[in-house]
Structures are given as structure tokens and as C-alpha cells.
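What follows is one structure encoded as C-alpha cells, with my remarks underneath.
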DNA sequence: GTAGGGTTAG
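Numbering (the numbering used here), first residue to last: 111 to 706.
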């Protein structure tokens, strides 16, 4: 930063006789200023070049157009660009890219067409700048057009073009097209591999991401921080602690720790894999933190039910000078809901709106409903919903339904389910919740009729599963799973535990309620089983007294929570139980059993 | 002087 200022001052001091050189210096320094998002400094440089009279050189102008675009000052960029007499290709490319990264796709396309009409030959940078990587939604047809154009002109063989296309297709969940582009690209750069790996992890296809990661190493392509960031995200999604630790070792040996993406991904990985202490140690030892780093740590605490720590960190963030984002508030609110911190959640929500001027989105409202609902304040939750300035969507009603389940409010459950079935008829989760509520109060005919709807409409439900890592190996259990090699020992351990739990006063309300119901009904309680199986296995397979960490994918959780507490008490083991949605991906879960 | 790949919530 200081060096940059010096360099600018030097330009000033040297004056007219070195005008040409100074102009070149300015053009060189601008991209760095843009990357640092130093709007003020860039404007000073702009003023300086006006003063010194080389502001009209095309190199400087191109740099300024690009700089203002990257800082979100698209109007300034447009103004400058319009003033240029005959912009050359590089300058036009800068403007095309400027429009695109500010979400002004139509203007970008118009300029591109104008360029083509003028007979100018476009190059790979033109195409890359035209691809709406940051704002792809709703532009699939345009992207297809750019793709065809690239194939027709042969420019698709340029690895930058094909990487950008791979990325944009991945973002639109068009993963097969993305893979085809990757496979057909004649010279795969490191970025090509990274684009495909990231495409997989962002779509939850962790198995494919991992195998491509192995493949690239077989081709002697050396992973860089970008690669490892994606791989760490895959580990986090899988709960793959030992793989994550291995990657951490790689990060250290390659001295990538100072990369902010890598350190943030590491913190997130440790938190999601159950090692919150490790996560915090890394967080504290990381000198450079951005809003995402803070968010990852706050949500990590939330995941572990450590609401107080989450709030503490949240307030430290507010004083750190790092500006909060919508995700910051979501993470903090989520932590409050898991820890039953109603007053604190309310304060954070109010502060978000009034002190920070954030317009809440549906997820924030849903979090508030969740906070009130979980705490048993169902009336207040409903009141809150009724007072919303916008029409509440599925996340809001879903949160209310979840709360009704915990507090067994059948009437309100019926109201929210009705809304949910209208708004989101394909989502099986809501049917399962409602059916469970009916079952819990022994209203079997109603429960059966809800399940009938699921069956009739042929809706697929997400299978519940629980993961546990023992030593270096991950083990995944589903409901009633008998596929594990140590199945007999696991089930007898479970028997033993059930007996002891009963002696200790454990009453499995829901399970008894479901006792005389058909097999399929028991399946609705999948995660209870899978979680217990995983714990039973953990007890057998690990050293007495050691910590047991399990990760599950479904949110519904009434009986298992109490059962886990009992088991922990009886066996004297610390049991860390995490649930995160990113673990809710079938492919990833399957890969676990195969990989080892 | 323009252009490719990355982290956080649900």
C-alpha cells in the first residue's frame, strides 16, 4: 500500500519529461489497486493523470475503465469509455468484462455485437469477459450461444475460454456440459482442473471432486491453493477429518497457510468435521481474516451448539472493522436458535435491521421463527410471521413446522403444513414431519394418510445417515443398516445400551408410539437408528474414554438428542454430534465407504 | 492496458 503511494508520488514528481514512462507506471499500478478494491487510491491516481495530462492515453484509460468496473463504479467506467474516440480491442474487452462483472449482461452483449459488426476480430479475452460467471442465473440461453460461438470459431480450444465456460455451466448445475468441456479441452491448464474440481464440490459431488483431484496428480499437475481450497470444502461436506488433516499437512508443506481462502476453508473443515477447538486455534493464528473467515467460525460455533461463543465472536467481529454480511447475521441467528438464546437472537435481528441497515431476506425471517419456535414460543412465532412485510415462503413455514414437531402442537402443525404443501409440494421433508407429529400423539390414521400422499405421489425422501470416523476410516450408517462388517457386535452393543438407558430412566416416547406401526413408519425415524448405530460402533471401535464424533444429515431430531445424552452419561464418553446440510448429499456419503 | 480456477448460511 505504502509502496503504491510512493510510486504514484514518484510519477507526480517526475512530471512531463517522463510522461510516457509515468503513464506506463500508472497503467501498471492500476490492476493492483483494483484488486485491493482501493477506490480512493485509484481515484487519486486518476486525478494525478488528469493533472499531468496523460489521462487520454489509451493504456491509462483502459486501466481506469477496468479499475472502476472492478470497484463497482460502472457509471464512471462507462463515462470514460464513451469519451474514447476509437477504442481498440483491449479497451473494448475491458468494457465488456466491466459490464459483465457488474451484472449488466445486456450491455455487455450489445457491445460485443457492435464489435463483431464493426468487423473487429475478437479474441479469447473478449469471450472470457463476456461469460457471466458472477451472475449466471437466467442466462443459460446466452451462455449456450457463447458456447456455440466458441466452438464454431475454434476459440473454445483456448483453455481460459473453456475454463470459464466450465465454471459457468457448473454454477447452473449443468455439470455434464461442464465435464464435456473439460474432457474436450486440448490443453488442460491448472485452472481447467481447478474449475472442474470446484464445479463438483459446489454441486455436492464430492466423490467426483476427490477422484479428479487424484487424477490430476497422476498427470503430474501440481495442486495450488485454489485446488486445495475446493478439496477442503469437499472434506468439510463429507466430514472427512483424516483426509482434511492430510490436506492440512500438504498446505503446511507448501506454505499455503497465509492464503485467506485456504485458511478459511481449513477453519470450516475442522468445524464441520467436529474439531471446533482446532478450528478456533487456526482462526486465532490466522493474521488475515475477511468476512467469510469470521462467518465460517461463527457458524462453526452454531453447528456445535455453542451459542455464547458464537455471539461473543459475532460482537468481536462488529468491533474488528470487518463489515458483516447477510451470512454473518444468519450464522449468528442460527447459533442462537440452536442454543435457545431467544433474547440475544432478537437483539441481533433488531441490530441487523436498525444499526446495520440490512433488509432481511426469507432465511433471516425463518431463523427468527426457528429461535422463537424452538424455545416453545409458538404464539410469538406465529405473530412474527403474521407481521412480516413480505409473503412468508417455505423456509419460514418449515421452521414453524419443525418447532411444532418439537413442542407437539398439532393444530399449528396442520396450518403450516397446509401452507407448505401449497408452496412446495415436492418436498418430502414436510410430509415426514407432519406424519411424525401425528404418530407422536398416536393419531395413526392421520399419520398413515399423510404417508399415503408421499407414496401416491411417488416422492423420494432423503435417506437419513450418520457418519463416524474411526482411525483413518469413515463409516456411514443408514437406518437399520446391516451392511457393516461388525454388524453383530454393533447390534448387541445397541441392545446393551438400550437396557442401560432404560434403567437410567430413558423413555423413548416417539419410538414406543411407533412400535405397533408398519415397518415403513419406522423408516421415517431413520436417523435415530443410524445415529445410534454409529455411536454403538464408535463405542466398540475406539479407546475407552476417547471422544466420539458423529455427523448426520437430517435436521429432524427429537428422540436422538436425549438418547445421545444418556449414552454419554452411561459410558462416560464425550459425544460430539453435528448436523449439517452439506453432508446431505447421497453421492458424497456413498463415496466414503468406497474410498477406504 | 483487457481475460480463466477458490472459502462462509440453508
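Every residue gets a Cβ at the ideal spot worked out from N, C-alpha and C, and that includes glycine.
| request: Give me the Cα-Cα distance between residue 262 and residue 227, rounded to the nearest whole angstrom. | output: 17 Å
| task | Would you kindly report the start and end of the unbroken beta strand (DSSP E) that includes residue 165? | result | No beta strand (DSSP E) contains residue 165, which DSSP labels as neither H nor E.
| said: Suppose you measure from the CA of residue 607 to the CA of residue 342; what does that come to, to the nearest Å? | reply: 36 Å
| field | For residue 300 and residue 330, the rounded distance between their alpha carbons | value | 11 Å
| query | With residue 256 and residue 240 assumed to form a contact (beta carbons below 8 Å), what rounded beta-carbon distance in angstroms separates them? | reply | 6 Å
| query | Just reading off the beta strand (DSSP E) that residue 659 is part of, what are its end residues? | reply | 658-662
| Alpha carbon of residue 663 to alpha carbon of residue 690, nearest angstrom | 6 Å
| Cut-off 7 Å between Cβ atoms - residues of its own chain near residue 500, not counting five sequence neighbours on either side | none
| residue 294 beta carbon less than 9 Å from that of residue 272 | yes
| said: Out of 346, 297, 365, which one is the CA nearest neighbour of residue 319? | reply: Checked all of 346, 297, 365; the closest Cα to residue 319 is 346.
| said: Just to confirm, is the Cβ distance from residue 588 to residue 640 under 9 Å? | reply: yes
| message | Tell me the DSSP secondary structure of residue 584 in three-state form. | response | In the structure shown, residue 584 sits in a strand (DSSP, three-state: E or B).
| field | Residue burial classification, residue 305 (beta-carbon count within 10 angstroms, cutoff 16) | value | buried
| query | Just reading off the beta strand (DSSP E) that residue 685 is part of, what are its end residues? | reply | Note, residue 685: beta strand (DSSP E), 685-689.
| Coil, strand or helix - residue 181 by DSSP | coil
| For residue 240, does the three-state DSSP call read helix, strand or coil? | Helix.
| Host alpha helix (DSSP H) of residue 323 (start-end) | 316-328
| message | Mapping the DSSP letters down to three states, classify residue 216 as helix, strand or coil. | response | helix
| field | residue 517: first and last residue of the uninterrupted alpha helix (DSSP H) it sits in | value | 504-517
| Does the beta-carbon of residue 157 have 16 or more other beta-carbons within 10 angstroms, so that it is buried, or is it exposed? | exposed
| Residue interval of the alpha helix (DSSP H) (run including residue 455) | 452-464
| Using DSSP with H/G/I as helix, E/B as strand and the rest coil, what is residue 575? | strand
| field | Collapsed DSSP secondary structure at residue 654 in the structure displayed | value | coil
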